[in-house]
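Numbering (this note's numbering), first residue to last: 985 to 1206.
The structure appears below as structure tokens.
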């Protein structure tokens, strides 16, 4: 049985502040998948994340929004889904079809004409800063950090800090050896009790100590 003081990932509002919610419990769209403990923080209706922050989402279009575990999503972050696009392979981008009547009769179905960018995938332990925008089909790796007010149009590698409009890599958070250890260890997949015991190390600024302990844990798994 899980320890009673370990936060429940199936709770909508996990603390008394009322500004953060575990958003997997607030979404209903079949094409949105969100991992345990990923939260959205907003003073105004954080549980309205699906309606206010996932824009132009039409599941029938075929793209998905996949967000991993333990992600921190700041107020105003927006995910733009594929149907926000316009037709680009003709001389006009105007969406005549959606206005009905003769325009609808004489133009192709709107969704079928849009460029398909694929799924938008956010890894685990990703921090998305305030008011950033994630464009369709972008992949952001585990442990990445996206600066506030950034527009992410291209993939971001794991454990990379990126920012700007368009967002560009600024720096790697750690050296390649530690990054690879973290990607192999995947602390976010630990069971709740094991994770609780590991928390002091996850928050320890002594990265050499962290490196040694993770290496030891991986050797024990082998």
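A virtual CB, placed ideally from N, CA and C, is assigned to each residue, including glycine.
Query	Result
Give the DSSP-derived three-state secondary structure of residue 1155 in the structure shown.	strand
Is the beta carbon of residue 1033 sitting closer than 9 Å to the one on residue 1067?	no
What runs of the beta strand (DSSP E), each 3 residues or longer, lie entirely inside the segment 999-1045?	1004-1006, 1016-1018 and 1023-1025
Please work out which residues of its chain come closer than 7 Å, Cβ to Cβ, to residue 1142, disregarding the five sequence neighbours upstream and downstream, and give them in chain order.	1107, 1125, 1126, 1127, 1128, 1163 and 1167
Considering only the beta carbon of each residue, do residue 1063 and residue 1012 sit closer than 9 Å?	no
Tell me where the alpha helix (DSSP H) around residue 1245 begins and ends.	Nothing in the structure corresponds to residue 1245, since the chain is present only between 985 and 1206.
What ranges does the alpha helix (DSSP H) occupy inside the segment 1038-1100, keeping only unbroken runs of at least 4 residues that lie completely in it?	1085-1089
Using DSSP bridges, identify the partner residues of residue 1104.	1049
Short of 8 Å in beta carbon distance, which residues of its chain neighbour residue 1043, apart from the five on each side in sequence? Order them along the chain.	1013, 1014 and 1015
Tell me the rounded alpha-carbon separation between residue 1110 and residue 1172.	11 Å
Where does residue 1147 land, buried or exposed, given buried means 16+ other C-beta within 10 angstroms?	buried
Could you say if the segment 1129-1137 and the segment 1069-1080 meet the contact criterion of at least three C-beta pairs nearer than 8 Å?	no
Among 1046, 1174, 1024 and 1120, which has the Cα closest to the Cα of residue 1205?	1174
Could you tell me the alpha carbon to alpha carbon distance between residue 1055 and residue 1075, rounded to whole angstroms?	41 Å
Looking at C-alpha atoms only, which residue of 1137, 1193 and 999 is the closest neighbour of residue 1116?	1137
For residue 1179, does the three-state DSSP call read helix, strand or coil?	helix
What did DSSP end up calling residue 1130 once you bin it into helix, strand or coil?	strand
Buried or exposed: where does residue 995 fall if 16 or more other Cβ atoms within 10 Å of its Cβ makes it buried?	exposed
Counting C-beta neighbours from all protein chains within 10 Å, is the total for residue 1023 16 or more, i.e. buried, or is it exposed?	buried
Mind checking residue 1060: buried by the 16 CB within 10 Å criterion, or exposed?	buried
Which first and last residues belong to the beta strand (DSSP E) in which residue 1140 is found?	Run containing residue 1140: none; DSSP gives neither H nor E here.
Using a Cβ-Cβ cutoff of less than 8 Å, which residues in the same chain neighbour residue 1169 once the five nearest sequence positions on both sides are dropped?	1198, 1201 and 1202
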